[in-house]
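In what follows, a structure is listed as structure tokens, so that the remarks can point back to it.
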Amino acid sequence: MDEELGIKEHNPALYEILVDAMLRDTLFLIPPESGSSVSAVLIDPSSGRMAFPRYSETRGDTDAFIGDILEHNQ
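Count along the sequence shown starting at 1, add 46, and that's the number in this note's numbering.
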């Protein structure tokens, strides 16, 4: 599912398995062009935990990042 690895493009069978799989202890790398200084976030949805392994450069970016997640949570 990672754009850099191209699982969806290069291994569609694996992608179909992963798209419905429960994610646990997943590291998401945020591209610099996202406009946020948050560069990475660790998320374990099964336990409701989220961690930021790096400090953000701009004050408020972490709060905005969490706000975006909550806004799109369905």
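Think of the CB as a built atom: it goes at the ideal place given N, C-alpha and C, for glycine as much as any other residue. If you're wondering where the values come from, they're calculated on a predicted model, not measured in any experiment.
Starting from residue i and walking both ways along the beta strand (DSSP E), at which residues does that stretch end?
i, result
"N74", "Position check: residue 74 holds Phe in this sequence, whereas Asn was assumed. Taken as a continuous stretch (DSSP letters only), the beta strand (DSSP E) holding F74 covers 72-75."
"L88", "86-90"
With a cut-off of 8 angstroms on the beta carbons, I'd call residue i and residue j a contact; round off their distance for me.
i, j, result
"E103", "S83", "4 angstroms"
Could you check whether residue j and residue i sit closer than 7 angstroms to each other, using their CB atoms as the reference points?
i, j, result
"I89", "T72", "yes"
"R70", "S85", "no"
"F122", "V65", "The requested residue 122 is not part of the displayed model; the chain covers only 47 to 120."
Tell me where the alpha helix (DSSP H) around residue i begins and ends.
i, result
"A97", "That residue, A97, is in no alpha helix (DSSP H); its beta strand (DSSP E) goes 95-97."
"G106", "Note, G106: premise wrong, no alpha helix (DSSP H); not H, not E."
"E79", "First-last for E79: undefined, no H or E at that position."
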